[in-house]
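Take a look at the structure below.
Protein chains: 2
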Amino acid sequence: MMSLPSCGRILSSLLLLSITPALAIWPVPEKISSGDKTLWIGEDIHITYNGQRLPWNINSPAKCKGFSSAEIVKGAVSRTLKAILEDAFVPWMLYDRLALEETEPSASAEKTFITSITIAQNGTEKSSKSLIGDIDESYKLSVSGVGEVKIHAVSSIGVLRALESFSQLFFQHSEGGVYTTMAPVDITDKPQYEHRGILFDVSRSYFSVESIYRTIDAMAWNKLNRLHIHATDSQSWPLEIPAMPELSGKGSYAKGKTYTPEDVESIQIYALQRGVQVIFEIDTPGHFGVAALSHPEVVAAWQATPWQNYCAQPPCGQLKLNESKVDKFLDTLMDDFLPRTNAYSSYHHIGGDEVNFNAIALDETVGTNDSTVIQPLLQDFIDKHHGRVRKHGLTPIVWEEFPLHYNVTMGKDVVVQSWLGDEAIRDLVSRGFKTIVSNYNFWYLDCGRGHWLNFDNGPAFQTFYPFNDWCSPAKGWRLIYSYDPRAGLTEEEAKLVIGGEVAAWSESIDETIIDSILWPRSSALAELLWSGRTDAAGQNRSQIDAAPRLSEFRERMVARGVMSAPIYMPFCTQAMNATACEFVM
Amino acid sequence: MMSLPSCGRILSSLLLLSITPALAIWPVPEKISSGDKTLWIGEDIHITYNGQRLPWNINSPAKCKGFSSAEIVKGAVSRTLKAILEDAFVPWMLYDRLALEETEPSASAEKTFITSITIAQNGTEKSSKSLIGDIDESYKLSVSGVGEVKIHAVSSIGVLRALESFSQLFFQHSEGGVYTTMAPVDITDKPQYEHRGILFDVSRSYFSVESIYRTIDAMAWNKLNRLHIHATDSQSWPLEIPAMPELSGKGSYAKGKTYTPEDVESIQIYALQRGVQVIFEIDTPGHFGVAALSHPEVVAAWQATPWQNYCAQPPCGQLKLNESKVDKFLDTLMDDFLPRTNAYSSYHHIGGDEVNFNAIALDETVGTNDSTVIQPLLQDFIDKHHGRVRKHGLTPIVWEEFPLHYNVTMGKDVVVQSWLGDEAIRDLVSRGFKTIVSNYNFWYLDCGRGHWLNFDNGPAFQTFYPFNDWCSPAKGWRLIYSYDPRAGLTEEEAKLVIGGEVAAWSESIDETIIDSILWPRSSALAELLWSGRTDAAGQNRSQIDAAPRLSEFRERMVARGVMSAPIYMPFCTQAMNATACEFVM
């Protein structure tokens, strides 16, 4: 059996991306070169930031406060060194079978250590506002053969991205110590898409703040930068609104299953400091049922049955469309909530999906499902509601049904999120809308786990057997990775596709399993949107190249405490079988 | 909103199984009745076993050694009280929205406590042998309104089953303390199937002994009683064989990724003490590739390519069929391994699935894929290999291909495991074979998570897009629960279906995700096989009845440390919405 590193030395590096663990940075950088020299790393490193010595503390990596560049970088350096020195893994599953001990560098030979990390940042940040919008995330990273590390970036977030790539060079040695075998390393890198995110549904199931933090951590490892929190829906209202305490007071699932204003602030700060901007969605006017428990005056069709006539899933409930109390309600709601997000986010997501016209017929302020009556009301709704968002300095995001299905006109500032597929995307960009893609045929992570409704033993059993969910089967990482959200668009149109999100709707997902729902599948999205569907040669990226790198990165995530599902069995990850689990026709 | 317990008081108990948490014992007992009285439970309980005071220790529930009835029961009592007193959960997700505090019993009112647990066992066990085979698992459990608990059983395993049901009566109070609201309780219970199991594949992915223990724990909570360990396959040989150390020495994935003889013994003892009999499978003559690394003389078609011509998945490799060294090899292997299992198990599983005749053509001792040549060789193989199993006092289990596809005759003692579906089951029982069902259309837990092979960007991409696995989509618990393995059989034939196993083949499953792969779906199998597909009235059990009980039981599993997936969102588990998530036509 040929052991991997010697193999890596013989062949040129780019060809070997698929079988060389030490080059397996995820998402793959724009340009990368590496050598075959071993470097070790310990705590004795001289770290400077723009010429000043940078203090760091491996034991309190999360404790950074505030938004100055130096604070952001200090926190990131502390976390990076913790990941490298404490959370590395012994890569037995990446080397040949039973060959770990003979493949690792000698632990007894003289060691060259990383001596310095020199960080240079051109720009500076002074407040949270500097960390939102279209940040320059580019960076250069070099690791010399004698252990000198240099990082150049425009923004502190670029520094974070560099540090993450740096952390992925290292492995735990089976006899102790941490090493890389690929020095010198040179990386030049930047993302292909501005918006790279995860939709996290905390309304249908409640998620602890800790599980949100853990997800943000993993997002930062994946260089993902947008956490879309679907905060309210018809099933529960976990979001505390101090001006309207009755909303969560009557609409949350249970005492304590809420997000306090402190939680909302902490989540946003925690995320921004990791290069992740949080976007809250308070879905309107549909998906609003549970608010009827505290505000029956603003909700129509609450718990209307049979639900399938009035909404997409139980329980039904929509904001009334011709009721002045709704305007006051939304004024109060937005005046409370948006001032608590606009320092940390560019966006507010107003929802806008799946408005049901039969439910509007039950709304006594409208009383018909006639679209000629309803359309002007929806136009008025969106005008007013987008106005509330803009009033607080935020850009509205809306699901695509408003422009595409309800024939509503919207400001060109509005960003549209599309879940319905390629035709919808083409339609949106042809109308000039910036578009975020969450095509359910590819990027819905909840699909394919079986239906969550219970069917009676009679006709329902016969009709719905074998009880698949609506978007079955599951979208595996290979399918997620295969999708090009800009395919078939002109260059100008393609620019309007600013990115995408995988969506983890939580009808049957909660925090016990969220890690393996999200990972490694969100990692597939992360590489697609950071590195692009095509490589430098213009060829579609291949599963055959991606799988070994993703397998390695998955082990890093697990070692760092996020329980990602595996790519495949160790037989396929071990180097000598790199081609055995390929299917080439 | 009507709170649940009062609801439970008004309506009769059987009708309310679907919405009354405190009656939600999983799997549902044969007969159960309950009241509406609250009882609390603490550590001050007088526990006797056959008239003798039974010492127990909540802090070392796993420490029981040996196989005397009293020791088994003592361990079970200790674990049960730990589960009740330390690992109970606050059932906010089972009561109405935000109604926990008003629905729980008053923590300040005078409390009636459980005072005694009186255990009477008719039979006695003296060795591990008493705990294998078709054990009498029946039991009676009563909890009086004044806190006296009585358990009657024939076997210590029956006592275990009673204690498990007892443990499921209790909840953690939000202000501290543990209670049930359903006293008095009377249960009479016994299983419908003898064999209720899980197939755990530790060859394709390695699983720690701890993860196997955790699975055994959860099996005992579910009253499952057979753990089928698929111990070796073509990908890795993790099983240490002291007479042939080279098998794992060259065939395991990495140093330490093996099961020592001590592990094998510990797993079997741990399982038996929890009412679970372990059945090891050393798959032959197919699925034997990796043994070629140490014993090339006994393996044909090792890593033959293209693999799809010679085996079901990479890497290929089968035992040679006309090679005397194979006989000696298997003699040595079985003489080493079986004496280490026959004190703890009734069975040895010889595999026998997916023998590939083209691979036999590559076997120079045969050299043809002509079935007229191969058939007598397979007959000879099975005769000899079953003889090895019988020599050590064990009953052979074999996958169905040997009798059904290879036209091989076998002793009537042999138990056949069927994965190919209803026609195969009918064929097997019509030939008089005891049959274990693992119909892949229903009970394969690995299905539907996406393919694990990597496809090139050319024709393979086009052919295999969207990269579903062979048995996609996933088998949800509702589908698992819908399947009657005895459907369409005569009464005599039905008796030959001794039970079933869900199968968790581990091509892309490892211990980070095994909990949510197995649970709650194995729980669906557990109720189906313990309680039967039909209820006392002869009606098929309904998802509508099962889902709320399974949701509650899932919370118990999570609280006890097994990360089961949820059934659905809290909206559906909360009592006031018990019917909202039903689909009735």
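From first to last, the protein sequence lines stand for chains A and B. Under the numbering used here, the residues of the first sequence are numbered 122 to 706, in order. Under the numbering used here, the residues of the second sequence are numbered 122 to 706, in order. Even for Gly, the Cβ is constructed at its ideal location relative to N, Cα and C.
Chain-ordered neighbours of residue i on chain A, where CB pairs are closer than 7 angstroms
i: G597 (chain B); result: R570, G571, H572, F588
i: P580 (chain B); result: M706
i: L600 (chain B); result: G571, P587, F588
Test item: CB-CB of residue i and residue j under 7 angstroms
i: N463 (chain A); j: H507 (chain A); result: no
i: L650 (chain A); j: Y314 (chain A); result: yes
i: S627 (chain B); j: D322 (chain B); result: yes
i: N347 (chain A); j: Q398 (chain A); result: It should be noted that the sequence gives Arg, not Asn, for residue 347 (chain A). For R347 (chain A) and Q398 (chain A), yes; Cβs fall inside 7 angstroms.
i: F291 (chain A); j: A209 (chain A); result: yes
i: Y604 (chain A); j: F563 (chain A); result: yes
i: G279 (chain B); j: E258 (chain B); result: yes
i: L281 (chain B); j: A624 (chain B); result: no
i: L414 (chain A); j: G472 (chain A); result: no
i: V211 (chain B); j: T633 (chain A); result: no
i: A191 (chain B); j: Y170 (chain B); result: yes
i: H470 (chain B); j: I518 (chain B); result: yes
i: V536 (chain A); j: L499 (chain A); result: no
i: D567 (chain B); j: I665 (chain A); result: no
DSSP-derived helix/strand/coil call for residue i
i: S155 (chain B); result: strand
i: T611 (chain A); result: coil
i: I638 (chain B); result: helix
i: S387 (chain B); result: helix
i: M365 (chain B); result: coil
i: P575 (chain A); result: Per the sequence shown, the amino acid found at residue 575 (chain A) is Asn instead of Pro. Strand at N575 (chain A).
i: E475 (chain B); result: coil
i: S139 (chain A); result: Since pLDDT at S139 (chain A) reaches only 35, below the 50 mark, its modelled position is unreliable, and the value read off the structure follows with that caveat. DSSP places S139 (chain A) in helix when its eight states are reduced to three.
i: P517 (chain B); result: strand
i: T224 (chain A); result: helix
i: F291 (chain B); result: coil
i: N443 (chain A); result: coil
i: D322 (chain A); result: strand
i: R681 (chain B); result: coil
i: F692 (chain B); result: helix
i: E418 (chain B); result: helix
i: L125 (chain A); result: Interpretation of L125 (chain A) is limited by its pLDDT of 30, a score under 50 that renders its predicted location unreliable; the figure taken from the coordinates is listed afterwards. Three-state result, L125 (chain A): helix.
i: V550 (chain A); result: helix
i: C702 (chain A); result: coil
i: F502 (chain A); result: helix
i: G244 (chain A); result: coil
Outcome for residue i when other beta-carbon atoms lying within 10 angstroms are tallied against a minimum of 16
i: V419 (chain B); result: buried
i: E544 (chain A); result: exposed
i: A304 (chain A); result: buried
i: C693 (chain B); result: buried
i: Q439 (chain B); result: buried
i: E285 (chain A); result: buried
i: P363 (chain A); result: exposed
i: H416 (chain A); result: buried
i: V711 (chain B); result: Nothing about residue 711 (chain B) can be reported from this structure: the residues present for chain B run from 122 to 706 only.
i: D590 (chain A); result: buried
i: D491 (chain A); result: exposed
i: Y380 (chain A); result: buried
Proximal residues of chain B, C-beta to C-beta of residue i below 9 angstroms
i: N661 (chain A); result: N578, F582
i: S373 (chain A); result: R218, L219
Contacts that residue i makes with chain B (C-beta to C-beta distance below 7 angstroms)
i: L646 (chain A); result: The contacting residues do not exist; L646 (chain A) stays about 14 angstroms from chain B at best.
i: D255 (chain A); result: The contacting residues do not exist; D255 (chain A) stays about 31 angstroms from chain B at best.
Cβ-based contacts, 8 angstroms cut-off: residues of the segment 197 to 224 of chain B near chain A: Closer than 8 angstroms at the C-beta level to chain A, one finds these residues of the segment 197 to 224 of chain B: W213, M214, R218, L219, L221, E222.
Taking Cβ-Cβ distances below 8 angstroms as the criterion, which residues of the segment 674 to 695 of chain A are in contact with chain B? Under the 8 angstroms Cβ criterion, the segment 674 to 695 of chain A contributes V679, M684, S685, A686, P687, I688, Y689, M690, P691, F692, C693, Q695.
Name, going along the chain, the residues of the segment 430 to 445 of chain A whose beta-carbon falls closer than 7 angstroms to a beta-carbon of chain B. Residues passing the 7 angstroms Cβ filter: P435, P436.
Under 7 angstroms, CB to CB, which of the residues in the segment 299 to 312 of chain A have a partner in chain B? From the segment 299 to 312 of chain A, no residue has a Cβ closer than 7 angstroms to chain B.
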